[in-house]
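Heads up: the structure comes next, in structure tokens.
Here is the structure:
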């Protein structure tokens, strides 16, 4: 996310602690969510005020409805609470009997109704109230709770977005049958609305490092006519585990090209696509996410460079590789990313690059291998083919061991490539 933006995350309770879950949900039942709604309203109004005061800098604030609420602990803690209060499981409007014994289980769709009715819908109601009189540029965008590969591909995200809000408590009668208790309102103004249609943005964690296609699934399935949301924010990529193991830079240089490739292929702007490298400053020096991003930024400054996607630019005659290539709008710089596309050992000492408009025989280059060690940046040698249609990029031999274990970043600098050429071959002045 941009340095002048901020995201506010407030679950309302610690879903890992039974006492916190009990206290929060009991308080909601006691006052029909009035205190929670008032708390969110006050914070949302403060965010709008902050955007107003910082409007000259393009400051934008976002509300994230929850952090990884698909995790295993809510299935246990919320399930335990509703059992103690003789409430139906699964919730009738999220009727998936995923976890009837309420053990620690990820992606428990049966509790989605409780997570939405008792927390997120009330928060949305308050944010919409705060936004009602605010100019469009100062409204607080509502971002869904984070989903990961398993919750995207396992059906949790679909169930969450499709959930129809009741707006009242659902209880069990004397015969054990669920009924809507209209004497106990919650977010009643949203009754009947689809949860996904109330979101401005979807939110994902760690979908790029694990599977580059998952983010395409998110866009194709949930953002093309299926919801009112206008974009996907990656509010966590990288992560503390990768950083502590010396793989922060590797995670950054694996996720950056995959994310950027999706964004550019779809013509997305920053209002609909952001990426936050979590724990980027953690880990051994020379392996951190910030080390990798700073090196890339020094070559192609993010605040003054527009990138062009160059699909299919790279190849290798014998090693299976996953590749991405981007060219700066000055026409003279290319950032190339080479990742293992298969598991098993492979040695790489060069790649082939299509000229694709480049014609300068004198190109300088650097190569940096990111893995779990602090490697130094080295020099790459670039040779143009005799017919001028391609280049060979040679570098000190590197070993690939498997998918997401290495990321090779090659930065190439040419000159005069962006100068228009007339049909007779002479450059314009």
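Numbering (this note's numbering), first residue to last: 12 to 440. Virtual Cβ for every residue (Gly too), placed ideally from N, Cα, C. Just so you know, these numbers come straight off a predicted model, no measurement behind them.
Have a look at residue i and residue j and give me their C-alpha separation to the nearest angstrom.
i           : j           : result
residue 111 : residue 385 : 48 Å
residue 203 : residue 177 : 6 Å
residue 98  : residue 359 : 60 Å
residue 193 : residue 270 : 46 Å
residue 413 : residue 258 : 14 Å
residue 249 : residue 291 : 7 Å
residue 240 : residue 209 : 8 Å
residue 433 : residue 365 : Because residue 433 carries a pLDDT of 43, less than 50, the predicted location of this residue cannot be relied on, and no value is offered for it.
residue 74  : residue 406 : 46 Å
residue 395 : residue 376 : 13 Å
residue 66  : residue 128 : 34 Å
residue 436 : residue 370 : With a pLDDT of 44 at residue 436, under the threshold of 50, the modelled position of this residue cannot be trusted, and the question is left open.
residue 281 : residue 287 : 12 Å
residue 440 : residue 342 : For residue 440, the pLDDT reaches just 41, beneath the cut-off of 50, and the residue's location in the model is therefore unreliable, although a value from the coordinates is still provided. Each residue's Cα considered, the two are about 16 Å apart.
residue 9   : residue 398 : The shown model of the chain, from 12 to 440, leaves out residue 9, and the question about it has no answer.
residue 251 : residue 340 : 34 Å
residue 29  : residue 91  : 8 Å
residue 344 : residue 263 : 20 Å
residue 31  : residue 356 : 48 Å
residue 387 : residue 243 : 34 Å
residue 229 : residue 372 : 42 Å
residue 421 : residue 403 : 12 Å
residue 61  : residue 70  : 8 Å
residue 23  : residue 164 : 27 Å
residue 25  : residue 108 : 24 Å
residue 313 : residue 247 : 19 Å
residue 307 : residue 152 : 30 Å
residue 426 : residue 393 : 14 Å
residue 119 : residue 113 : 9 Å
residue 117 : residue 86  : 7 Å
residue 170 : residue 105 : 7 Å
For the alpha helix (DSSP H) that residue i lies in, which residues bound it at each end?
i           : result
residue 173 : 167-173
residue 10  : An answer regarding residue 10 cannot be provided, because it is not within the stretch 12 to 440 covered by the chain.
residue 423 : No alpha helix (DSSP H) holds residue 423; the beta strand (DSSP E) holding it covers 418-424.
residue 37  : 29-42
Kindly give me the distance between the Cβ atoms of residue i and residue j, rounded to whole angstroms, as I take these residues to be in contact under 8 Å.
i           : j           : result
residue 83  : residue 115 : 4 Å
residue 197 : residue 180 : 6 Å
residue 423 : residue 362 : With 8 Å as the limit, residue 423 and residue 362 do not qualify as a contact, their Cβ atoms being about 11 Å apart.
residue 336 : residue 325 : 6 Å
residue 382 : residue 261 : 6 Å
residue 34  : residue 46  : So it is not a contact: roughly 12 Å between Cβ atoms.
residue 338 : residue 319 : 5 Å
residue 158 : residue 214 : 7 Å
residue 227 : residue 285 : In fact, because the Cβ distance is near 17 Å, the residues do not count as touching under 8 Å.
residue 294 : residue 255 : 6 Å
Closest to residue i by CA distance: which of the options is it?
i           : options               : result
residue 174 : 135, 164, 198 and 123 : 123
residue 144 : 211, 118 and 63       : 63
residue 137 : 125, 150 and 146      : 150
residue 224 : 190, 160, 95 and 254  : 160
residue 447 : 428, 57 and 327       : For the chain, the structure presents residues 12 to 440; residue 447 sits outside this window and is missing.
residue 234 : 389, 277, 135 and 265 : 277
residue 95  : 155, 182 and 70       : 182
residue 188 : 102, 246, 415 and 229 : 102
residue 133 : 55, 186, 327 and 420  : 55
residue 147 : 72, 185 and 191       : 72
residue 346 : 418, 410 and 299      : 418
residue 216 : 152, 93, 80 and 313   : 80
residue 207 : 172, 401, 49 and 218  : 172
residue 131 : 117, 120, 113 and 154 : 154
residue 378 : 348, 352 and 185      : 348
Over what stretch of residues does the beta strand (DSSP E) that includes residue i continue unbroken?
i           : result
residue 158 : Run containing residue 158: none; DSSP gives neither H nor E here.
residue 378 : 375-381
residue 82  : Careful: residue 82 lies outside any beta strand (DSSP E) and carries neither H nor E.
residue 45  : That residue, residue 45, is in no beta strand (DSSP E); its alpha helix (DSSP H) goes 45-64.
residue 362 : 357-365
residue 152 : No beta strand (DSSP E) contains residue 152, which DSSP labels as neither H nor E.
residue 393 : 389-395
residue 75  : 71-75
Report yes if the C-beta of residue i is less than 7 Å from at least one heavy atom of the ligand NAP; otherwise report no.
i           : result
residue 225 : This structure simply doesn't include the ligand NAP, nor any ligand for that matter.
Quick check on the DSSP output: what are the complete beta strand (DSSP E) runs of length 3 or more inside the stretch 287-346, in order along the chain?
318-320 and 332-339
For the stretch 206-274, which segments carrying the alpha helix (DSSP H) assignment without a break, of at least 4 residues, lie completely within its bounds, in sequence order?
218-221, 225-233 and 251-255
Completely contained alpha helix (DSSP H) runs for the stretch 82-140, where each covers 4 or more residues
83-95 and 123-126
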